[in-house]
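Here the structure is laid out as structure tokens; the discussion comes afterwards.
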Amino acid sequence: MPLDVPTVSYALPEGVDPPGLLAYLDKRFPVIAEPGVSRSYTVLDTADRRLRAAGVDLDLETGRGGPRLVLREAGGRAPLVAEVRRPRRNRYLLRDVPAGPVRERLAPIVEMRALLPLANVQVGAQLVRVLNADDKTVARVSLATPVALVGGGDAGALQLTPRVVVTGVLGYPKPLGRVTAAVRRGPKGGLVDAPASVADEAIAAIGGDPEGIRTKVLVDLRPDQRTDRSAVAVLCDLAGMVEANLPGTLADLDTEFLHDLRVAVRRSRSVLRELKGAFPPEPLGTQRDALRWIQAVTGPTRDLDVQLLDWDHLVSGIPVERHAALAPVRALLVRHRAAAFRALRRELRGPANRQAWDGYRAFLAGDLGPTRDRPDAKRPIVAVAGRRIRKVYRRMLVMGAAIDLASPAEQLHELRKRGKELRYLLELFGGMWPRAVVKPMVRSLKELQDMLGVHQDRQVQATYLRGLAGELAISTGGPAALLALGVLVDRLDAEQREARDAFAARFAAFAAADQQALVAKVFS
Amino acid sequence: MKVVATYNIKGGVGKTSAAVNLAALAAQDGLRTLLWDLDPQGAASYLFRVRPKVKGGGGKLVRGRSDVADLLRGTDVEGLDLLPADFSYRHMDLALDAAGKPTRRLRKVIAPLADDYDLAMLDCPPSISLVSESVFDAADTLLVPLIPSTLTVRTFTQLGDFVAGEVDRRPQIVAFFSMVDGRKRLHRDVVATLPATNPHELVHSAIPAATEVELMGVQRAPVVVSAPHSRAARAYRSLWDEVRPRLGL
């Protein structure tokens, strides 16, 4: 962004208060102090802190004019503002943000995720404008004393680091340099860099995690570490992700809580399957059943989420005059999704799940028993995981080579399932091998998997939509909807064929001779 | 980025006052706003205390040899930046004539800023010239202040005819009454009758002839900033609220 102006933020050290710094500036520059302002806002972000990762701050302010979103980015540009309604169910989805600059900026970052309140902050601020000889503002200094409100303010306030923020004005770099240098020297021996953003500090102060819910496993594995301990460490991290995503799934805040929960469960199942030699067979079977059950009870809702998330894309490819006729199809999908979700919530809240999950946690925390029936338990993780990567890769080569234009869709789906195993092995344990080897392998695998994913999703979607025909036929607008449904299913079939056509090239890249040689050499 | 030009063939009708106040209101509403002071007199630049100087002058700018981002200046209104005037703009007709495809030049100058701003407001000098034609090409909307008098109405008609007949990329025209003096019978009559003949182009909000607007030159700030509760500021707010939806913002 070429129009950015620098913004620097310092913490006020103990013993220096805002009036003291203001007097210090007043002695050195022509300044105008604006009246002090107090601002209260709620920090909004997705559960996985996508806005934070993109360098965006989004605040919900509630003033006399009603609630509004204020979006700020690094670079000192003026904030973007959008008037909004009060949040429904304590969240905003993208569709709740009116069309305009704020939504345009949020859309590619937030996608389908909900914007959630992460902390309530109150900031008392004194704004000082630094002027040039023409009395023109050439830099802005803000002296802020933020607090995090606990329980919306009813349970008190926690003091955060007071800070001074210097923001330049476009086209006036020299005054900014002078002001920044003076502020950095500061009264009483100088200022120090602010420790973290106000939002992060506030979230941490009320007991939250500023990093948000992770999707990446962060376990420091040593190559010579025992396989059973390595596996348990990874599984515990994944179990934490399942638990972190469960409340959002049950509250149905957005589709990705369920998605991330399912991914964490699937990865856990993959670890238990691929490293089964590290676990005693019997408790292992029970725990694998427990995780499989979670996948089974959450599957229908996820399938319908995919249908609805893909809806706009799919509908965009069919003639506009058919769109209205498709409304009953979408309404039916929404109804089915609501029913599937009710079943999911009933199951996940039920005693069977609680008991199974407690059992799984106890399994991870407990003693795995003697190693005589766990042949891989004591072996170094680098050897066991490397062997599995090599074997799954080789197996995929055989499966892929057997696929031709006449092969049934199930054969591609089986290959995709194997591909997921390989991908999880590489994502969870790949850090033990050179990045230069793992990264291109993951890339070619991902390209293959994306194609296989589209192939399978379109298959599932088309089958599901065909299954709606009976219900549609007896609904209002049914005949027109059935005709439009046919067009939609044709489109799904076409996309499936396109994916299928891309298979040979994607698989060839994945199975390239140099990659085969590298896998054999590196993971042996 | 939507491009709006305050334009009238006549001078002294309130173009600059409208440009600076509406740009300030847009910025206050959270729109990233650019104001380009195209008038060599540099009144808008003066009001924002920005020196009317463009490195390389207008000739280099319209030939595409200046990096426009380097020429921008932030104003005292957060969210509002200014591309200042330069005295060399008095020769802009000649500079445009010397460049290829002169009527597309102004659009090209601001094109690199399209992702950085939601609104570009062009404050144009009075006249009908090659500069005007280039403004018409660049603008999505011409915002035309009209003093309620017979001659002003005649020039408005001329403008409509010219845009309809001579301009390839026709901007929409939105007009409003400016410097309205309710004590003058002619003003009252024109304000009462003209909307009936131009119902789509003329908005209801009108800017009064007010001392606060004249005092902008002393305060060196838009009246919506220096006297936000004044009658004139309220009139600009009303005008902006009425015009904004027509701009698609």
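Going down the list, the protein sequences come from chains S and D. Residues 0 to 523 (numbering that gives the first Met the number 0) are what the first sequence spells out, left to right. Residues 0 to 248 (numbering that gives the first Met the number 0) are what the second sequence spells out, left to right. For every residue, glycine included, the Cβ atom is placed at its ideal position computed from N, Cα and C. Note that this is a predicted model, so its numbers are computed, not measured.
(1) Compute the Euclidean distance between the alpha carbons of S/E13 and D/A231, then round it to the nearest angstrom.
(2) Check the Cβ-Cβ distances between D/D240 and every residue of chain S, and say whether any is below 8 Å.
(3) So that I know if they touch, is there some Cβ in chain D lying closer than 8 Å to that of S/D56?
(4) Listing by chain order, which chain S residues have their CB less than 7 Å from the CB of D/E77?
(5) Starting from D/M120, follow its DSSP beta bridges and name the residues at the other end.
(6) Going by other Cβ atoms of all chains shown within 10 Å of its Cβ, with 16 needed for buried, is S/K419 buried or exposed?
(7) For the candidate residues S/L484, S/T166 and S/G206, whose alpha-carbon lies nearest to that of S/V149?
(8) Between S/L169 and the rest of its own chain, which residues show a CB-CB distance below 7 Å, the 5 nearest in sequence each way excluded?
(9) Who are the near neighbours of S/F522 in its chain, counting only those whose CB is closer than 6 Å to its CB and skipping five residues on each side?
(10) Reducing DSSP to helix, strand and coil, say where S/H312 ends up.
(11) Under the rule that 16 or more other beta-carbon atoms within 10 Å means buried, what is S/R104, buried or exposed?
(12) Give me the Cβ distance between S/R112 and S/E210, rounded to the nearest whole Å; I'm assuming they're in contact under 8 Å.
(13) Could you work out which residue in S/V30, S/R373 and S/K26 is closest to S/A132 when comparing CA atoms only?
(14) So is S/K390 in contact with chain D if we call contact Cβ pairs under 8 Å?
(15) Assign D/H203 to one of two classes, buried (16 or more other C-beta atoms within 10 Å of its C-beta) or exposed (fewer than that).
(16) Would you say D/R31 faces chain S, with C-beta separation under 8 Å as the test?
(17) In the DSSP assignment, find the unbroken alpha helix (DSSP H) run with S/G19 in it and report its ends.
(18) Who pairs with S/P145 in a beta bridge, going by DSSP?
(19) Quick one: residues in its chain with C-beta nearer than 6 Å to the C-beta of D/R48, no 5 flanking neighbours on either side, listed in chain order?
(20) Output, in chain order, the set of chain S residues within a Cβ distance shorter than 9 Å of D/L71.
(21) Would you say the region 1-17 of chain D touches the region 80-92 of chain D, given that touching needs at least three Cβ pairs under 8 Å?
(22) Please classify D/P124: is it buried, with 16 or more other beta-carbons within 10 angstroms of its beta-carbon, or exposed?
(23) Which residues of the region 22-55 of chain D have a Cβ closer than 8 Å to any Cβ of chain S? Give them in chain order.
(24) Just the Cα atoms here: how many angstroms apart are S/R228 and S/L274?
(25) Just checking: is the beta-carbon of S/D134 within a distance shorter than 8 Å of some beta-carbon in chain D?
(26) Considering only the alpha carbon of each residue, which of S/G54, S/L464 and S/G368 lies closest to S/L283?
(27) Quick one: what's S/E60 bridged to in DSSP?
(28) Taking only beta carbons into account, state which residues of the region 92-122 of chain D come closer than 9 Å to chain S, listed in chain order.
(29) Kindly indicate which residue of D/F135, D/I127 and D/A110 has the alpha-carbon position closest to the one of D/Q171.
(30) Listing by chain order, which chain D residues have their CB less than 8 Å from the CB of S/V80?
(31) For D/P83, which residues in the same chain have their Cβ closer than 8 Å to its Cβ, ignoring the five residues on either side in sequence?
(32) With a cut-off of 8 Å, does the C-beta of D/D80 fall near any C-beta of chain S?
(33) Can you have a look at S/P318 and say buried or exposed, based on whether 16 or more other CB atoms are within 10 angstroms of its CB?
(34) Specify the secondary structure class of S/T370 as computed by DSSP and reduced to three states.
(35) So, is the C-beta of D/A68 closer than 8 Å to a C-beta in chain S?
(36) Check the Cβ-Cβ distances between S/P29 and every residue of chain D, and say whether any is below 8 Å.
Reading from the atomic positions:
(1) 47 Å
(2) no
(3) no
(4) A77
(5) D/V3 and D/L34
(6) buried
(7) S/G206
(8) L2 and V4
(9) G385, I388 and R389
(10) helix
(11) buried
(12) Incorrect: roughly 16 Å between the Cβ atoms, too far for contact.
(13) S/V30
(14) no
(15) exposed
(16) yes
(17) P17 to R27
(18) S/V122
(19) R219
(20) L2, L169 and G170
(21) no
(22) buried
(23) A26, D28, G29, L30, R31, F47, R48, V49 and R50
(24) 11 Å
(25) yes
(26) S/G368
(27) S/Y40 and S/R67
(28) P111, L112, D114, D115, Y116 and D117
(29) D/F135
(30) D28 and G29
(31) D36, G41, S44, V49, R50, P51, K52, V53, L70 and R72
(32) yes
(33) exposed
(34) coil
(35) yes
(36) no
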